[in-house]
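Peer 1:
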Amino acid sequence: MFSKEVYVNRRANLAKKVKSGVMLFMGNSDIGMNYPSNTYRFRQDSSFLYFFGLDEPDLAAVIDADSGEEILFGNDVSIDDIIWMGPQPAMTDKAAQVGVKKVLPYSSLEEYIAKIKSSSKKVHYLPPYRDNIKIAINKMLGIDFPAIKEGASQDMIRAVVSLREIKERCEIEEMDNAANIGYMMHYTAMKMVKPGIVEQELVGIMEGISISNGTMPSFPIILSQNGETLHNHSHHQILTDGRLLVIDAGAETNSHYASDFTRTLPSGGKFTSRQRDIYTIVSTANNLAIDMIRPGITYREVHLAAVRVLAQGLINIGLMKGDVDEAVAAGAHALFMPHGLGHQMGLDVHDMEDLGENFVGYSDNFIRATQFGLRSLRMGKELKPGHVITVEPGCYFIPALIEKWKSEGTNSNFINFDKLEGYYNFGGIRLEDDVLVTEKGCRLLGSKRLPITVEDVELEMSGN
Ligand code: GLY
Ligand code: MN
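Residue numbers for the sequence shown follow numbering that gives the first Met the number 0, so the first one is 0 and each next one is one higher.
Following this line, the structure appears as structure tokens:
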């Protein structure tokens with residue numbers, strides 16, 4: 000937790016932006032995994048954490064933007080709780096840690112909201128993503144379930160995004176820390192990769208490092224020799240010489256800030272010449288994107304420059320053809336990179352995605368594209384100092400997608416489909432780094448960059 004002034008200032012800034020009405024923040028609760036008291040690891044709601052700092056279940060809070068009143072709703076523990084969980088600070092002490100003066104029992108939230116509703120004041124809430132919160136909103140505000148998402152307050156969403164997306168100094172320290180844990184996870188795996196190891200062994204070690212140094216991985220670890228499946232969570236394969244291993248993983252610190260890195264390693268320690276060619280195209284795109292990142296440029300421009308490198312590289316080796324700019328304009332490169340260049344990151348690995356991707360990555364004047372590939376770019380808008388973004392170009396050979404485009408004739412003037420048949424077992428390559436936009440340009444998060452050149456990766460793996 001940060002100092003109480005951090006939370007007091009954030010709430011004051013939010014109230015100024017939203018101007019009127021009561022903002023409701025619903026904290027998360029424990030959720031039963033297979034029976035009620037065997038729960039998933041608790042994860043607080045990120046906006047609740049950002050404004051109220053308290054990392055425990057069964058809390059809610061309100062900010063009255065007109066009067067400035069702030070109330071935390073939660074219960075003091077009973078003797079039964081103390082027997083099972085040990086002594087806990089009083090709610091008033093917890094509230095004081097984050098500068099909130101008024102505390103009420105959780106059960107009085109409903110009555111409080113009913114009173115606000117019966118006055119002419121608006122109740123602002125953020126889009127809920129958990130069913131128990133949807134049920135609570137339905138009960139308190141009388142909004143039908145299908146209308147709950149639409150009924151979320153756009154004023155509150157925009158205000159929250161505008162604050163959370165510009166990282167404060169204390170947050171950047173945390174994100175450097177998250178990056179350093181992510182580095183340890185990847186570097187350890189890089190030193191273990193060799194034929195005969197099962198993917199799952201690496202996942203376990205990496206997850207252990209994240210838990211030893213923070214709370215957990217920032218998302219379920221993606222680790223697979225079938226890297227052409229973008230988010231592959233099956234980890235049963237035995238590493239085999241000649242194949243590529245995509246590892247996409249990051250850590251969440253104790254205060255829940257995320258990192259997110261991807262490296263692609265040769266399972267046998269040496270890239271084949273064909274793998275090296277594709278790898279070099281992707282690493283060139285990654286480096287070019289990082290070189291371009293600065294305030295004022297849109298991330299869509301950076302994305303388009305990166306995919307241009309991809310398309311040009313694929314033209315050079317004969318997998319694509321034609322004019323590179325026409326190919327990119329047509330979206331032909333998206334056969335090989337159907338996703339976006341990156342996303343914002345902070346308390347969530349895809350920061351604030353629960354609030355709506357378009358509120359985070361786009362604006363009223365900067366609308367998301369609809370073209371295949373480009374439409375998957377989560378962050379497109381202009382970059383500002385304090386933004387944290389990922390840079391994650393990739394190149395994948397997805398047999399089902401290639402076959403579909405081939406049979407439809409999609410972009411056949413830019414793709415050499417016949418040559419692609421030899422790549423159906425190639426897998427995929429993705430290379431991801433985490434970047435802070437600074438006043439003049441950008442810098443990588445973390446103390447050290449994970450090895451990324453072909454030479455450095457092979458050198459690191461040479462003793463495996
Ligand atoms: N690194 C996983 C993702 O960004 O979706
Ligand atoms: Mn990512």
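A virtual CB, placed ideally from N, CA and C, is assigned to each residue, including glycine. Just so we're clear, the structure is a prediction, and the values are computed from it rather than from any experiment.
Here's a check: name, in chain order, each residue in its chain whose Cβ is nearer than 7 Å to the Cβ of residue 413, leaving out the five neighbours to either side.
Peer 2: Position 414 of the sequence shown, counted from the first residue, corresponds to residue 413. So the qualifying residues of the chain are 319, 320, 321, 326, 329, 331.
Peer 1: To the nearest whole angstrom, what separates the beta carbons of residue 260 and residue 185, a pair I think is in contact under 8 Å?
Peer 2: In the sequence shown, counting from the first residue as 1, residue 260 sits at position 261. In the sequence shown, counting from the first residue as 1, residue 185 sits at position 186. Indeed they touch by this definition, with Cβ atoms about 6 Å apart.
Peer 1: Between residue 21 and residue 121, is the Cβ-Cβ spacing less than 9 Å?
Peer 2: For this step, residue 21 is matched to residue 22 along the sequence shown. For this step, residue 121 is matched to residue 122 along the sequence shown. Their beta carbons are under 9 Å apart, which means residue 21 touches residue 121 by this criterion.
Peer 1: Taking 8 Å as the cut-off, is the C-beta of residue 259 nearer than that to any heavy atom in the ligand MN?
Peer 2: Indexing the sequence shown from 1 puts residue 259 at position 260. Yes, the Cβ of residue 259 comes within 8 Å of a heavy atom of the ligand MN.
Peer 1: Output yes or no for whether 9 Å exceeds the beta carbon distance between residue 132 and residue 32.
Peer 2: What you label residue 132 is simply residue 133 of the sequence shown in a count that begins at 1. What you label residue 32 is simply residue 33 of the sequence shown in a count that begins at 1. No.
Peer 1: Measure the C-alpha to C-alpha separation of residue 70 and residue 113 and round it to an integer number of angstroms.
Peer 2: Here the question's residue 70 lines up with position 71 in the sequence shown. Here the question's residue 113 lines up with position 114 in the sequence shown. Their backbone Cα atoms lie some 15 Å apart in a straight line.
Peer 1: For the alpha helix (DSSP H) that contains residue 185, what are its first and last residues?
Peer 2: To locate residue 185, count along the sequence shown from 1; it is residue 186. Note, residue 185: alpha helix (DSSP H), 168 to 191.
Peer 1: Given a threshold of 16 other Cβ atoms within 10 Å of its Cβ, counted over all protein chains shown, does residue 83 qualify as buried or as exposed?
Peer 2: Sequence index remark: in the sequence shown, residue 83 carries index 84 (1-based). Residue 83 comes out exposed.
Peer 1: May I ask you to report which of helix, strand or coil DSSP gives residue 33?
Peer 2: Taking the first residue of the sequence shown as 1, we reach residue 33 at position 34. If DSSP states are grouped into helix, strand and coil, residue 33 belongs with the strands.
Peer 1: Below 6 Å CB to CB, which residues in the same chain sit around residue 374 once its five sequence neighbours on both sides are set aside?
Peer 2: The sequence position of residue 374 within the sequence shown is 375, counting from 1. For residue 374, where only same-chain residues beyond five positions count, the Cβ hits under 6 Å are 368.
Peer 1: Given a cut-off of 9 Å on the beta-carbon distance, is the pair residue 264 and residue 246 in contact?
Peer 2: Within the sequence shown, numbered from 1, the residue matching residue 264 stands at position 265. Within the sequence shown, numbered from 1, the residue matching residue 246 stands at position 247. Cβ atoms of residue 264 and residue 246: closer than 9 Å.
Peer 1: Would DSSP call residue 356 helix, strand or coil?
Peer 2: The residue you call residue 356 lines up with position 357 of the sequence shown. DSSP places residue 356 in helix when its eight states are reduced to three.
Peer 1: So for residue 467, helix, strand or coil by DSSP?
Peer 2: Nothing about residue 467 can be reported from this structure: the residues present for the chain run from 0 to 463 only.
Peer 1: I need the DSSP call for residue 281, collapsed to helix, strand or coil.
Peer 2: Taking the sequence shown and counting its residues from 1, the one referred to as residue 281 is at position 282. Correct three-state label for residue 281: helix.
Peer 1: Could you pull out every residue in the same chain whose Cβ sits closer than 8 Å to the Cβ of residue 90, ignoring the five residues on either side in sequence?
Peer 2: Within the sequence shown, numbered from 1, the residue matching residue 90 stands at position 91. Cβ within range, chain order: 71, 73, 74, 75, 102.
Peer 1: Could you spell out the range, first to last residue, of the beta strand (DSSP E) harbouring residue 395?
Peer 2: In the sequence shown, counting from the first residue as 1, residue 395 sits at position 396. Per DSSP, residue 395 belongs to the beta strand (DSSP E) from 393 to 395.
Peer 1: Does the separation of the CB atoms of residue 248 and residue 390 fall below 9 Å?
Peer 2: Taking the first residue of the sequence shown as position 1, residue 248 is located at position 249. Taking the first residue of the sequence shown as position 1, residue 390 is located at position 391. No, these two residues do not count as a Cβ contact at 9 Å.
Peer 1: If you compare alpha carbons, which of 251, 297, 230, 347 is closest to residue 46?
Peer 2: Position 47 of the sequence shown, counting from 1, holds the residue named residue 46. For residue 46, the nearest C-alpha among the options comes from 347.
Peer 1: Is residue 389 near the ligand MN, going by C-beta to nearest heavy atom under 8 Å?
Peer 2: Residue 389 sits at position 390 when you count from the first residue of the sequence shown. The answer is yes for residue 389.
Peer 1: Beta-carbon separation of residue 164 and residue 386 under 9 Å?
Peer 2: Along the sequence shown, read from residue 1 onward, the residue named residue 164 stands at position 165. Along the sequence shown, read from residue 1 onward, the residue named residue 386 stands at position 387. Yes, the Cβ-Cβ distance between residue 164 and residue 386 is below 9 Å.
Peer 1: Is the beta carbon of residue 359 within less than 8 Å of some heavy atom of the ligand PLP?
Peer 2: Annotation note on the ligand PLP: not contained in the displayed structure, which lists the ligand GLY and the ligand MN as its ligands.
Peer 1: How many angstroms separate the CA atom of residue 262 from the CA atom of residue 223?
Peer 2: Indexing the sequence shown from 1 puts residue 262 at position 263. Indexing the sequence shown from 1 puts residue 223 at position 224. When rounded, the distance between both Cα atoms is 11 Å.
Peer 1: Report the start-end ranges of each alpha helix (DSSP H) in the segment 268 to 343 that is 4 residues or longer and not cut off at the edges.
Peer 2: Taking only runs of at least 4 residues, the alpha helix (DSSP H) segments lying wholly in the segment 268 to 343 are 272 to 291, 298 to 315, 323 to 329.
Peer 1: Select from 444, 13, 301 the residue whose C-alpha is nearest the C-alpha of residue 257.
Peer 2: Against the sequence shown, residue 257 aligns to sequence position 258. Taking only the C-alpha atoms, the option nearest residue 257 is 444.
Peer 1: Pop quiz: residue 180 and residue 252 are said to be a contact at Cβ under 8 Å. What is the actual Cβ separation, rounded to whole angstroms?
Peer 2: In the sequence shown, the residue the question calls residue 180 occupies position 181. In the sequence shown, the residue the question calls residue 252 occupies position 253. Rounded, the Cβ-Cβ distance is 7 Å, consistent with contact.
Peer 1: I want to see whether chain C comes within less than 9 Å of residue 274, judged by CB atoms only; does it?
Peer 2: Among the chains in the structure shown there is no chain C, since it carries only a single protein chain.
Peer 1: In or out: residue 173 buried (at least 16 other Cβ within 10 Å) or exposed?
Peer 2: Translated into the one-based positions of the sequence shown, residue 173 becomes position 174. Residue 173 should be labelled buried.
Peer 1: To the nearest angstrom, how far is it from the Cα of residue 96 to the Cα of residue 49?
Peer 2: The count along the sequence shown starts at 1 and reaches residue 96 at position 97. The count along the sequence shown starts at 1 and reaches residue 49 at position 50. Computed Cα separation, rounded: 14 Å.
Peer 1: What number of angstroms, rounded off, separates the C-alpha of residue 217 from the C-alpha of residue 359?
Peer 2: As a working note, residue 217 is residue 218 in the sequence shown. As a working note, residue 359 is residue 360 in the sequence shown. Rounded to the nearest angstrom, the two C-alpha atoms are 19 Å apart.
Peer 1: Here's the rule: buried if 16 or more other CB atoms are within 10 angstroms of the residue's CB, otherwise exposed. What is residue 431?
Peer 2: Within the sequence shown, numbered from 1, the residue matching residue 431 stands at position 432. Buried: at least 16 other Cβ atoms inside 10 Å.
Peer 1: Under 6 Å Cβ to Cβ from residue 19, same chain only, skipping five residues before and after it: list those, please.
Peer 2: Counting from 1 along the sequence shown, the entry for residue 19 is found at position 20. 64, 65, listed in sequence order.
Peer 1: Compute the beta-carbon to beta-carbon distance between residue 158 and residue 23, rounded to the nearest angstrom, for a pair I have assumed lies under 8 Å.
Peer 2: Within the sequence shown, numbered from 1, the residue matching residue 158 stands at position 159. Within the sequence shown, numbered from 1, the residue matching residue 23 stands at position 24. Rounded, the Cβ-Cβ distance is 14 Å, inconsistent with contact.
Peer 1: Rounded to whole angstroms, what's the CA-CA distance from residue 433 to residue 286? Just pull it up for me.
Peer 2: By 1-based counting over the sequence shown, the position of residue 433 is 434. By 1-based counting over the sequence shown, the position of residue 286 is 287. Roughly 12 Å between the two C-alpha positions.
Peer 1: From the DSSP output, which residues share a beta bridge with residue 361?
Peer 2: Along the sequence shown, one-based indexing puts residue 361 at 362. Paired residues: none, contrary to the question.
Peer 1: Is the closest heavy atom of the ligand GLY to the C-beta of residue 427 under 8 Å?
Peer 2: For the purposes of this step, residue 427 is taken as residue 428 along the sequence shown, with counting starting at 1. No - the ligand GLY has no heavy atom lying nearer than 8 Å to the Cβ of residue 427.
Peer 1: In this structure, does DSSP put residue 409 in helix, strand or coil?
Peer 2: Walking along the sequence shown from the start, residue 409 turns up at place 410. Correct three-state label for residue 409: coil.
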